[in-house]
Structures are given as structure tokens and as C-alpha cells.
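Visitor: Here it is, the structure, as C-alpha cells.
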Amino acid sequence: MNNNYEEFKEAVKSFSNWLDSIPPYEYSLTGVIIAYIIAPNLTNNAQNAFGNWLELVGQIILTISAQASATPETDQYNRLLADVENLKAEIERLKNRN
Numbered sequence: 003m004n005n006n007y008e009e010f011k012e013a014v015k016s017f018s019n020w021l022d023s024i025p026p027y028e029y030s031l032t033g034v035i036i037a038y039i040i041a042p043n044l045t046n047n048a049q050n051a052f053g054n055w056l057e058l059v060g061q062i063i064l065t066i067s068a069q070a071s072a073t074p075e076t077d078q079y080n081r082l083l084a085d086v087e088n089l090k091a092e093i094e095r096l097k098n099r100n
């Protein structure tokens with residue numbers, strides 16, 4: 003089971019790398035081609051359901067990515083925290099100077 007999961011992760015990574023290498027117009031064209039291949043084989047209700055499911059997956063991926071971008075990495079956070087503490091100490095030093 004774990005081996006299958008690792009193979010799946012590698013396949014997704016490989017697919018992601020391939021998608022990243024495609025120029026914008028060709029990238030869009032692949033979506034069009036895939037949609038035109040899949041859609042005729044589904045009923046209207048199935049097209050709706052599958053399309054909504056793909057939208058859901060996309061929204062979840064975008065949400066995860068946005069949150070990761072907005073949340074500083076632990077190292078970055080620790081550096082920022084140290085900078086804030088240094089600035090506080092410097093402010094106190096300047097206040098006591100008078």
C-alpha cells in the first residue's frame with residue numbers, strides 16, 4: 003500500500019513538473035482537449051458533477067497555496083521575532099539615553 007502511494011506521489015510530481023514546463027497557450031489548450039475528450043462520454047448530470055468536483059479540488063489547492071504563501075516559514079518567523087526583539091531593545095536603549 004505504502005509503495006503504491008509513493009508511486010502515486012512520484013507520478014503527481016512528474017505530472018506537475020510537466021505542467022510547469024508548458025507555455026501558457028499550450029497549457030490552456032491541454033485543458034480544452036481533455037475536456038472535449040471527457041465530456042462526450044458523460045451525461046449532463048455527470049458533466050456537472052465532475053466539473054464541480056474538479057472546481058472543488060482546484061479551490062482547495064488554491065486555498066492551501068495561498069495559506070502557505072501568507073504564513074511565514076518557521077525560520078523566517080524566528081528571524082522576524084528576533085528582529086522585533088532587537089528593535090525593542092534598541093528603542094529602550096534610546097529612551098534611557100536621555
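Per my numbering, residue 3 is the first one in the sequence shown, and the count goes up by one each step.
Beta carbons: idealized from backbone N, C-alpha and C, even for Gly.
Source: prediction; values computed, not measured.
1) Once the 5 residues before and after residue 65 are set aside, which same chain residues still bring their CB inside 7 Å of it?
2) Look up residue 44 in the DSSP assignment and say whether it is helix, strand or coil.
3) What whole-angstrom Cβ distance do residue 44 and residue 52 have, given they're in contact under 8 Å?
4) What is the C-beta distance between residue 21 and residue 27, in whole angstroms, given that I count them as a contact (C-beta under 8 Å)?
5) According to DSSP, is residue 26 helix, strand or coil?
6) Would you kindly report the start and end of the unbroken alpha helix (DSSP H) that includes residue 95?
7) Could you give the distance in angstroms between the alpha-carbon of residue 76 and the alpha-carbon of residue 39?
Guide: The relevant details are as follows:
1) Closer than 7 Å at the Cβ level, and outside the excluded window around residue 65, lies no residue.
2) Of the three classes helix, strand and coil, the one that applies to residue 44 here is coil, per DSSP.
3) The C-beta distance from residue 44 to residue 52 rounds to 6 Å, short enough to fall under 8 Å.
4) Contact flag wrong, Cβ pair sits at about 14 Å.
5) Annotated three-state conformation of residue 26 is helix, per DSSP.
6) Residue 95 -> alpha helix (DSSP H) spans 76-98.
7) Between residue 76 and residue 39, the C-alpha separation is close to 44 Å.
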